[in-house]
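Trainee: I have a structure I would like to understand better, so I am pasting it below and will then ask my questions one at a time.
Chains as they are written, first to last, in full-length UniProt numbering: chain S, 1 to 438; chain H, 1 to 438.
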């Protein structure tokens, strides 16, 4: 069979990785795919030919639209990132009758519904395995491997930068700002770390995962997002004393009233496998009604791990190039006309357990006031940790773990606690999930 | 589209689970597959209708060949297990032009080459996700999700019974025989536990994994297999003191000289994620050249976890029923004419690190004799743990961890050590793998 012809948009980290993996493993990949995969045209404003042996053999344009309009090309691989011109390029590629592979989570999370509709209308595929969890084949696992299941919930460590920071804070007792500065120096974190540490990147990925798990349209704007920049090393240490680790989780659960969709720091029991996923590594824990809990672990970013997912998508697209579009795996796992209008649950209605840290004056009766406020709202306490006041200090930290309760009830309780005379500062609230098999 | 018609061979644990999952999640599955999946005919000698609500609506034959010969059926799902009549049934189904889904690892490991050839000749698919790792979509992950990679090695905990036994031995300091008896009482282990504890079941699964990872024919008879029945609670405890856990691993690695294919007890560093996979759970760690290390975790057995994989295969087959056979994912990941004749490495040529436990008389010079024997064969020592003799005892256990060396050299060294005057009994030898990213 003739080789499949690929146009590559971007020769940066992931684009360069894709070029190199396709070239290095060309024989192995052709043995699997049954035909060669050939990059014939790439787009890049600037690139380093020394990092890309063989690049001199292909046409490189500085205008990505030239590649998208190249009639020779079967598949466009979009690795530029960002919203624009990525969106215009992808839609134009579809308009030109080309299949698309992309690693662009922001694009899919925000504009995926429109892009998939355009592809569907043309009988084309848009593949996006690399958009979530880097090289981990998590989209394929959930979309195809768990197709028998009603997915009940998913919990993912899906931002490597955030996980690196929390791991260092725990292992070395360091402060958030200190580790972030190091992560920036190491190149793990961007100069503007907002997307990573404030959970936006994780929310993009969770939006995509939830759609393929639950068969709902992509709804990034309904995702609750809270970052890790307020986590202190004390919280990390107290959580550890209680047998928990703090991870920045993307969490989504199907409930009778709607779908929970939330990214926030979360205490999880340290004996869970996912609690032991450290450094820049990613993992997603998926609970299906038939299969039970399953976990997928690997590098969530980086040139070649991401390229691994991009190339797997190219092979998948290559396989179905000539197949009847009706028999393909649907973009969002469920057939487009079978998506559900199950609502996303508002955060106030979400039920979870909580870690609360209060700063109380060392006076009798304070703890009794706090526990009364919780009891009045039927919030049961799982554990209390009262630290000894430091010599001469008049304030003591009190840590309370609660059982599950709605966010709305907890908001009220926290407001009442903060109004108490002997409570200083705001209450620190970190959500807690047991992630057990039930 | 018309529903796909399925014939189910077997209504035991996995057959019953498959029947129930397909029925309970029928709507969800049809939303994914784009058409209904309907069991129209099942085969079972005896079954409990109370466990199978809805079974009264379908034809049940006591002769499985009747199902295989039923002209109405598109896909045969073989869940009888064993070699015969499973093999005859599968080949007859293929002869009748039906696609096949099976959970039968023994059948695939031993007769897969012949079965896939027959299916290939007829343009049919044989899907076998449930044969390895129960509900974990590990076949799909390696065959499709990692298609960009040269797989370097794989390490799997792929027998739940063995992992349960080793976990209990470690957690509770119990003896092998004691835990095995409990596992049998709990139904985790068969009355004849040979397949599980002697590694045969794991070897079946490893044979399959290695074929799809490395693109070689199935070669069960070349798999080195060693069980866990000789592991003592002392070995488990000493390994723990040294920072390791003992797991019954299936391990396969590509080397320049051939492919390692081996199942044996293995020390692995306790900080590795896979070292923390406990109880009856399974996990496979796969190292690809592009993606790096990835891990897949879940229930390796049980009615519904296994059914999850069986039904995912049915959905996959359903999708490609009308597709061009040349564009399908090949049975063993690589195109049939692109399989490699890379040999399986003989065990003597395998290189690994070792845990050795000697029983030495408490006399001066013994340790020096042992280390001399190792040094003469260029075997370097990573750690030595010499236990205090118990009050009044004249024998002391000595534990040695070595660096990597060939099995052949280690066999010679062990023979020389056992010939020493002051060494009693046989030397206990457990292989050790660091499973680091390199």
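Beta carbons: idealized from backbone N, C-alpha and C, even for Gly.
Closer than 7 Å between beta carbons: that is the criterion. Which residues of the segment 334-346 of chain S meet it against chain H?
Mentor: 334, 335, 338
Trainee: Would you mind listing the beta strand (DSSP E) stretches within the segment 39-112 of chain H that are 3+ residues and don't spill past its ends, in chain order?
Mentor: 59-61, 75-78, 99-102
Trainee: Given this structure, state the Cα-to-Cα distance separating residue 34(H) from residue 73(H), to the nearest angstrom.
Mentor: Looking at the two C-alpha atoms, the distance is approximately 18 Å.
Trainee: Against chain H, does residue 273(S) count as a neighbour if the rule is that its beta carbon must be under 7 Å from one of theirs?
Mentor: yes
Trainee: Since residue 373(S) and residue 413(S) are thought to touch, with beta carbons under 8 Å apart, how far apart are those beta carbons, to the nearest angstrom?
Mentor: Sure, about 6 Å apart at Cβ, within 8 Å.
Trainee: Do you know how far the Cα of residue 209(H) is from the Cα of residue 237(S)?
Mentor: Cα-Cα distance, rounded: 42 Å.
Trainee: Taking 8 Å as the threshold, find out whether the segment 290-308 of chain H comes into contact with the segment 88-101 of chain H through three or more Cβ pairs.
Mentor: Segments in contact, no.
Trainee: Suppose the cutoff is 8 Å on Cβ atoms and the five residues either side in sequence are ignored; what does the same chain contact list for residue 231(H) look like?
Mentor: 166, 169, 176, 246, 265, 430, listed in sequence order.
Trainee: To be precise: take each residue of the segment 287-299 of chain H, compare its Cβ to all Cβ atoms of chain S, and keep it if any distance is under 8 Å. Which residues remain?
Mentor: 288, 289, 290, 291, 292, 293, 294, 295, 296, 297, 298, 299
Trainee: If you compare alpha carbons, which of 196(H), 2(H), 349(H), 367(H) is closest to residue 381(H)?
Mentor: 367(H)
Trainee: Could you give the residue range of the alpha helix (DSSP H) that holds residue 305(S)?
Mentor: 303-320
Trainee: Cβ of residue 155(H) less than 7 Å from any chain A Cβ?
Mentor: In the displayed structure, chain A is absent; the protein chains listed are S and H.
Trainee: Measure how close the beta-carbons of residue 433(H) and residue 251(H) come, nearest whole angstrom, since I'm counting them as under 8 Å.
Mentor: 6 Å
Trainee: Do residue 122(H) and residue 336(H) have their beta-carbon atoms positioned less than 7 Å apart in this structure?
Mentor: Contact flag unset, no.
Trainee: Would you say residue 308(S) faces chain H, with C-beta separation under 7 Å as the test?
Mentor: yes
Trainee: Comparing alpha-carbon positions, which option in 214(S), 279(S), 233(S), 282(S) lies nearest residue 428(S)?
Mentor: 233(S)
Trainee: Between which two residues does the alpha helix (DSSP H) containing residue 188(H) stretch?
Mentor: Taken as a continuous stretch (DSSP letters only), residue 188(H) belongs to no alpha helix (DSSP H), as it is neither H nor E.
Trainee: Compare the C-alpha of residue 357(S) against each of 67(S), 58(S), 377(S), 396(S) and name the closest.
Mentor: 396(S)
Trainee: Under 7 Å between the Cβ atoms of residue 39(H) and residue 4(H)?
Mentor: no
Trainee: Our contact map puts residue 334(H) next to residue 215(H) with C-beta atoms below 8 Å; I'd like the distance itself, whole angstroms only.
Mentor: 4 Å
Trainee: For residue 168(S), would you say it is in contact with chain H, using Cβ-to-Cβ distances shorter than 7 Å as the test?
Mentor: no
Trainee: Report all residues from its chain with a CB closer than 6 Å to the CB of residue 108(S); omit the five preceding and five following residues, and keep chain order.
Mentor: 128, 131, 208
Trainee: Out of 110(S), 361(S), 219(S), 375(S), state which residue places its alpha-carbon closest to the alpha-carbon of residue 261(S).
Mentor: When each option's Cα is compared against that of residue 261(S), the closest is 219(S).
Trainee: Leaving out the 5 sequence neighbours to the left and right, which residues in its chain are closer than 7 Å to residue 422(H) when beta-carbon positions are compared?
Mentor: 360, 361, 363, 366, listed in sequence order.
Trainee: Check the Cβ-Cβ distances between residue 441(S) and every residue of chain H, and say whether any is below 7 Å.
Mentor: The structure shown does not extend to residue 441(S), since chain S is modelled only from 1 through 438, so no value can be given for it.
Trainee: Say whether the segment 300-317 of chain H touches the segment 263-279 of chain H, bearing in mind that this needs 3 or more beta-carbon pairs closer than 8 Å, one atom from each stretch.
Mentor: no
Trainee: Since residue 200(S) is in the alpha helix (DSSP H), which residue starts that stretch and which ends it?
Mentor: 200-214
Trainee: I think residue 183(S) touches residue 164(S), with their Cβ atoms under 8 Å apart; what is that distance to the nearest whole Å?
Mentor: 6 Å
Trainee: Whole angstroms are fine: how far does the CA of residue 50(H) sit from the CA of residue 56(H)?
Mentor: 10 Å
Trainee: Please identify the residue among 300(S), 15(S), 369(S), 351(S) whose C-alpha is closest to the C-alpha of residue 162(S).
Mentor: Measuring from the Cα of residue 162(S), the nearest candidate turns out to be 300(S).
Trainee: Answer yes or no: does any C-beta atom of chain H fall closer than 7 Å to that of residue 46(S)?
Mentor: no
Trainee: May I have the straight-line CA-CA distance separating residue 426(H) from residue 221(H), to the nearest angstrom?
Mentor: 27 Å
Trainee: Residues of chain S with CB under 8 Å from residue 301(H), in chain order?
Mentor: Per Cβ cutoff of 8 Å: no residues; residue 301(H) is ~11 Å from chain S at best.
Trainee: Assuming the contact rule is C-beta atoms closer than 8 Å, residue 18(S) and residue 8(S) should be a hit. Round their C-beta distance to whole Å, please.
Mentor: 7 Å
Trainee: Beta-carbon separation of residue 11(H) and residue 47(H) under 7 Å?
Mentor: yes
Trainee: So for residue 436(H), helix, strand or coil by DSSP?
Mentor: Reduced to three states, the DSSP call for residue 436(H) is coil.
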